[in-house]
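A.B. asks: Going by numbering that gives the first Met the number 0, 68 is the number at position 69 of the sequence shown; the sequence numbering is gapless. Got a structure for you, written out below as structure tokens; questions coming shortly.
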Amino acid sequence: MFTDQSDIPENHTLLTKLRNGDELAFAQIYNQYRSKMYLYAYNLCKSSETAEEIVQEVFIRLWQKKEQINTDLNFSAYLKKITLNHVLNHLKKVAREKSLQDEIFHYIETIRNTTEDNLLEKELLKTYDEAIENLPPQKKIIYQMSRNEEMSHDEIAEKLNISKNTVKNHMVEATKFIRSYVNKHGSIVCFIIASSNYFRPH
Numbered sequence: 000m001f002t003d004q005s006d007i008p009e010n011h012t013l014l015t016k017l018r019n020g021d022e023l024a025f026a027q028i029y030n031q032y033r034s035k036m037y038l039y040a041y042n043l044c045k046s047s048e049t050a051e052e053i054v055q056e057v058f059i060r061l062w063q064k065k066e067q068i069n070t071d072l073n074f075s076a077y078l079k080k081i082t083l084n085h086v087l088n089h090l091k092k093v094a095r096e097k098s099l100q101d102e103i104f105h106y107i108e109t110i111r112n113t114t115e116d117n118l119l120e121k122e123l124l125k126t127y128d129e130a131i132e133n134l135p136p137q138k139k140i141i142y143q144m145s146r147n148e149e150m151s152h153d154e155i156a157e158k159l160n161i162s163k164n165t166v167k168n169h170m171v172e173a174t175k176f177i178r179s180y181v182n183k184h185g186s187i188v189c190f191i192i193a194s195s196n197y198f199r200p201h
């Protein structure tokens with residue numbers, strides 16, 4: 000992934016040349032960062048085709064906005080931010096097109112396991128936890144037994160002495176409520192996750 004090792008002193012010279020429209024410097028930067036950007040984008044969107052497209056879009060933007068590059072700032076962090084923004088914009092577009100589940104069903108696992116995106120994770124989990132806290136008592140218990148304890152509908156029904164169908168109905172209603180709550184109270188990141196398989200009733 001992106002590391003500070005990429006921002007070595009000679010990069011300052013490369014970036015200065017890039018700002019001045021040096022195509023060779025641009026090619027060197029492309030070769031240096033392309034693989035890292037691709038891996039970062041792929042880990043977020045779980046699509047090799049989309050990741051490739053995003054990398055190309057980022058470099059096109061980098062060339063178009065080359066005069067705005069601050070050679071004194073961390074260039075890796077700058078590229079990472081642009082890449083993340085492009086991924087989020089793509090996911091938002093996909094969500095609007097109702098094709099989200101094909102693109103990001105692993106997204107929640109990605110941000111849960113990525114320390115680099117800890118702020119995004121905290122934002123999501125905060126809104127998600129708030130949604131669960133606002134569930135009616137029985138729905139909350141059933142949902143937490145399913146998600147946190149990974150119990151099946153049969154196991155929950157037996158433990159609570161209710162029918163499996165009742166458990167299923169509560170899970171469907173709880174999932175709808177959580178998705179709606181996150182859509183209303185969360186940011187774009189939360190909106191993306193609210194539409195993903197993470198909020199699918201088991």
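Cβ atoms here follow ideal geometry from the backbone N, Cα and C, with glycine treated the same way.
Using a threshold of 8 Å, state whether the C-beta atoms of Y41 and S34 are closer than that.
C.D. replies: Result no, Cβ atoms of Y41 and S34 do not sit closer than 8 Å.
A.B. asks: Using DSSP with H/G/I as helix, E/B as strand and the rest coil, what is E22?
C.D. replies: Helix, per DSSP.
A.B. asks: If you reduce the DSSP assignment to three classes, tell me which class P135 lands in.
C.D. replies: Of the three classes helix, strand and coil, the one that applies to P135 here is coil, per DSSP.
A.B. asks: Mark I59 as exposed unless 16 or more other C-beta atoms lie within 10 angstroms of its C-beta, in which case mark it buried.
C.D. replies: Exposed.
A.B. asks: If Y39 sits next to K64, beta carbons under 8 Å apart, how far is it from one beta carbon to the other, in whole angstroms?
C.D. replies: Incorrect: roughly 19 Å between the Cβ atoms, too far for contact.
A.B. asks: The alpha helix (DSSP H) with L61 in it runs from where to where?
C.D. replies: It spans S47 to Q63 - the alpha helix (DSSP H) in which L61 sits, taken as one unbroken run.
A.B. asks: Could you tell me the boundaries of the alpha helix (DSSP H) in which I155 lies?
C.D. replies: H152 to L159 is the span of the alpha helix (DSSP H), which, as asked, contains I155.
A.B. asks: Report the three-state DSSP secondary structure of D238 (helix, strand or coil).
C.D. replies: The structure shown does not extend to residue 238, since the chain spans only 0 to 201, so no value can be given for it.
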